[in-house]
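Here is the structure we will look at.
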Amino acid sequence: MAAPANAATVNVNWACKGTVWGIGQTSNMAATVTTTAPGSAASGSAVAITIAPGASSVPSSASGFTVNNISNLKMTIPTPANSTLVSATLSGGSTPGTVAVSGGNAVLTVPGPIAGGTSYTPPAVTLNVTAGAAGTPITSKYAGTSYTNPGMTMTTNVSFVGNVATACFPDPSPTLTTTTVS
1 MAAPANAATV NVNWACKGTV WGIGQTSNMA ATVTTTAPGS AASGSAVAIT
51 IAPGASSVPS SASGFTVNNI SNLKMTIPTP ANSTLVSATL SGGSTPGTVA
101 VSGGNAVLTV PGPIAGGTSY TPPAVTLNVT AGAAGTPITS KYAGTSYTNP
151 GMTMTTNVSF VGNVATACFP DPSPTLTTTT VS
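So for the sequence shown, UniProt numbering puts the first residue at 1; every next one is plus one.
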């Protein structure tokens, strides 16, 4: 049986890059995520970890160009360390989305479009996992280590430019949840 849930709000700084006419444009996006996970769990037990991204704003302009909208937003959450991913579900949020399990990751997709200059809240993702070995904690993070290995991607539609593929990664990448396994 898992111990009572811990809830925490974690700050995440997303480093983002889009390429326009062969020139890379970088920006940062500060976001919060509210996480819930049990403080402890027995090895082999079922554990639910919920990762709820906070409200984010689509910029109204970037590098002097008007941002019309973003679409096809994908956030990747790898299977938490010392666990086995069983399934993933969605709840809440102001913007509809889907979640799929692919390659050991849960991938949240928000199709959009979400207009430039507006705020949105992606749905929360609940990872249903099985706790691994005793003595090693279950820890969760967002995926991504660089622009070429992103944890979040989207298409940004910019006036006079069109669609710009945008790649983001958490920099630094904070631990979102920790559950002690006994």
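Think of the CB as a built atom: it goes at the ideal place given N, C-alpha and C, for glycine as much as any other residue.
Going along the chain, which residues of its own chain have a beta-carbon closer than 8 Å to the beta-carbon of residue i, five neighbours each way excluded?
i           : result
residue 54  : 9, 31, 32, 33, 34, 121
residue 136 : 81, 82, 181
residue 177 : 6, 8, 35, 36, 37, 49, 51, 80, 138, 139, 140
In the DSSP assignment, the beta strand (DSSP E) including residue i goes from what residue to what residue?
i           : result
residue 176 : It is not in any beta strand (DSSP E) - residue 176 carries neither H nor E in the DSSP assignment.
residue 170 : 162-170
residue 67  : 65-78
residue 184 : Missing from the structure shown is residue 184; the chain here goes from 1 to 182 and no further.
residue 128 : 124-131
residue 36  : 23-38
residue 94  : Careful: residue 94 lies outside any beta strand (DSSP E) and carries neither H nor E.
residue 155 : 152-158
residue 109 : 105-110
For a quick check, are the C-beta atoms of residue i and residue j less than 8 Å apart?
i           : j           : result
residue 159 : residue 65  : yes
residue 138 : residue 105 : no
residue 124 : residue 48  : no
residue 132 : residue 142 : no
residue 134 : residue 43  : yes
residue 164 : residue 12  : no
residue 90  : residue 99  : yes
Leaving out the 5 sequence neighbours to the left and right, which residues in its chain are closer than 6 Å to residue i when beta-carbon positions are compared?
i           : result
residue 166 : 16, 18, 154, 156
residue 27  : 16
residue 58  : 70, 114, 116, 118
residue 24  : 17
residue 1   : With a pLDDT of 43 at residue 1, under the threshold of 50, the modelled position of this residue cannot be trusted; read the value that follows with caution. Once the five neighbours on either side are set aside, residue 1 has no close Cβ partner at all.
How should residue i be labelled, buried or exposed, when 16 other C-beta atoms within 10 angstroms of its C-beta is the threshold for buried?
i           : result
residue 182 : exposed
residue 56  : buried
residue 92  : exposed
residue 179 : buried
residue 144 : buried
What residues in its chain sit with their C-beta under 7 Å from that of residue i, if we drop five residues either side in the sequence?
i          : result
residue 61 : 67
Decide yes or no for the touch test of the segment 36-43 against the segment 96-114: beta carbon pairs closer than 8 Å, at least 3 of them.
no
Using a Cβ distance threshold of 8 Å, determine whether the segment 86-93 contacts the segment 169-178, with at least three qualifying pairs required.
no
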